[in-house]
Amino acid sequence: MSNLQVQLIKKPDAKYPRVNDVFQVKTTSTPTANQLKDGEVLLENLYFSIDATMRVWISGAKTYVDPVLPGNTMFGQAVSKVLASKSEKFQKGDYVIGLVNWTLYQIISDAKLHLVKRGGDIDDLTGYSFLGPLGISGLTAYIGFEAIGKPKEGETVVISAAAGAVGEIAVQLAKTYYKCKVIGIAGGPEKCDYVKKQLGAHDCIDYKNENLSKRLRELTPNGIHVYFDNVGGEMLDEILMHITDHTRIILCGAIATYNQTGEPYKVKNYPRLIIKRAVMQGFLYFDHPELFKPGQATITQMIKQGQLKIRYDVQNGLEQAPNGLAKLLLGQNNGKVVVKAKSDQPKL
């Protein structure tokens, strides 16, 4: 039984991700149950989440996780099946989630995992949902609003990267759950069409083909009450010119800056935060474990009632994970990018 592994071979430069040459796929030996130590499990990694923050991890910068350096195996959040266990927490057959290596099989400490299902099997769509609406994407959107945005019914909420994995859930939460006026920002007519017609936003600004400042003046005449920022950079700077009194800005991502190799963009309009007594705060979803259950309950209820639409951009085979990341960073994805580790698994 062969074991694939995706390894970073060099730090990305200015050509990445247009030139996708920073990873290599290797065949390695497969770990076995007799190698387990107390408190460890043997995993088969089934479904991987591809997230924009990975671009920061492979840059060598120290963040809330250790950087991935050349020679290291890439890692990310995944849904995995326990094949063997010497853990008191998990047993053979359990499905778990955690930060794992980009590899088909691995031995890992049980402290790094959380149980998602005990008994029975899961299908592809269920696996994806633990990474999307019921996992990092959905919880990020929900926690951003609950912990920082605190939208009130009737307020105007603007969401950047509105067609992305977090953005599409944020749009639907703001519209249906919080009952706000929602303006999305996305790149290209196809994505904006999706944000308006499928996700239900009141309108969407195509930043690639429209004047952002002009459209914000037209669509938010009374200012922006909540801004869910997935982009950063110049777009955030422009948003600051359209905030109102006591605006709440949720700093979730900064994809506009992830591929910068020169001097980073410096926000100029921050004095507006003082004038408008506004709040701008960053967060990581795992800072708020107390909101996991209510977030999952809210999103599950919306799914059951047909109020939440989710798209998955599925990459088949672990060897396609580097292409999935490049696709996401180039803005060529349609929805949440996930990797089905074995392409020979039954398709949806």
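Take any residue in the sequence shown, count from 1 to its spot, add 18: that is its number in the numbering used here.
C-beta atoms are modelled at their ideal positions from N, C-alpha and C, and glycine is treated no differently.
Since we're looking at a predicted model, the values are computed, not measured.
Using C-beta distances below 6 angstroms, list every residue in its chain close to Glu186, excluding the 5 sequence neighbours before and after it, in chain order. Leu217
Bounding residues of the beta strand (DSSP E) (the contiguous stretch that carries Lys209): Looking at the DSSP string, Lys209 is not in any beta strand (DSSP E); the run it does join, the alpha helix (DSSP H), is Pro207 to Lys215.
Which residue or residues does DSSP assign as beta-bridge partners of Ser127? Glu58
Taking only runs of the alpha helix (DSSP H) that begin and end inside the region 54 to 110, which ones reach a length of at least 4 residues, in chain order? 72 to 75
Measuring CB to CB, does Ser178 end up less than 8 angstroms from Asp247? yes
Can you round the beta-carbon distance between Asn21 and Leu122 to whole angstroms, since I take them to be within the 8 angstroms contact cut? 5 angstroms
So, helix, strand or coil for Pro364, using DSSP? At Pro364, the pLDDT of 44 sits below 50, so the modelled position is not reliable and the matter cannot be decided from this model.
8 angstroms Cβ cutoff met for Glu62 and Lys110: No, they are not a contact pair.
Take Pro69 as the anchor and find which of Ser361, Ala359, Pro340 and Lys360 has the nearest alpha-carbon. Residue identity differs from the one stated: residue 69 is Asp in this sequence, not Pro. When each option's Cα is compared against that of Asp69, the closest is Pro340.
So Thr316 is in the alpha helix (DSSP H); what residue range does that whole segment cover? Phe310 to Lys322
Same chain only: Cβ atoms within 8 angstroms of Glu171, ignoring 5 sequence neighbours per side: Tyr196, Lys197 and Cys198
Confirm, please, whether the CB-CB distance from Ala181 to Met150 is below 8 angstroms. Correcting the residue identity first, residue 150 is Gly in this sequence and not Met. Cβ distance not < 8 angstroms, so Gly150 and Ala181 don't count as in contact.
So the beta strand (DSSP E) Asn334 belongs to, where does it begin and stop? Tyr330 to Asn334
Check whether the region 350 to 360 touches the region 322 to 334, counting contact only when three or more Cβ pairs, one atom from each stretch, lie closer than 8 angstroms. yes
Thinking Tyr303 and Leu157 are a contact (beta carbons under 8 angstroms), I'd like their distance in whole angstroms, please. 5 angstroms
Can Leu152 and Ile317 be called in contact, C-beta distance under 8 angstroms? yes
What residue range does the alpha helix (DSSP H) around Thr158 cover? Ile154 to Gly162
Can you tell me whether DSSP reads Gln190 as helix, strand or coil? helix
Separation of Val189 from Pro207, as counted between CA atoms: Pro207 and Val189 have their alpha carbons spaced roughly 17 angstroms apart.
Relative to the alpha-carbon of Leu1, which residue among Ile203, Glu164 and Lys215 has its alpha-carbon at the smallest distance? Because the chain here runs from 19 to 366, residue 1 falls outside it and cannot be looked at.
Is it buried or exposed for His243, if we count other Cβ within 10 angstroms and need 16 for buried? buried
Report the rounded CA-to-CA distance for Leu237 versus Cys210, giving the unit in angstroms. 15 angstroms
Quick check on this structure: which residue in Asn351, Gln350, Ala344 and Gly353 has the alpha carbon closest to the alpha carbon of Phe41? Ala344
What is the C-beta distance between Pro85 and Ile27, in whole angstroms, given that I count them as a contact (C-beta under 8 angstroms)? Wrong, their Cβ atoms sit about 15 angstroms apart, outside the cutoff.
Backbone secondary structure at Val184 - three-state DSSP: helix
Cα-Cα separation between Met320 and Gly280, rounded to whole angstroms: Annotation: Met320 to Gly280 spans about 43 angstroms, alpha carbon to alpha carbon.
Same chain only: Cβ atoms within 8 angstroms of Gly271, ignoring 5 sequence neighbours per side: Ala70, Thr71, Ala179, Val184, Asp247, Asn248, Val249 and Gly250
Nonlocal neighbours in the same chain, by C-beta distance under 7 angstroms from Thr262, ignoring five residues either side: Asn240, Gly241, Ile242, His243 and Lys294
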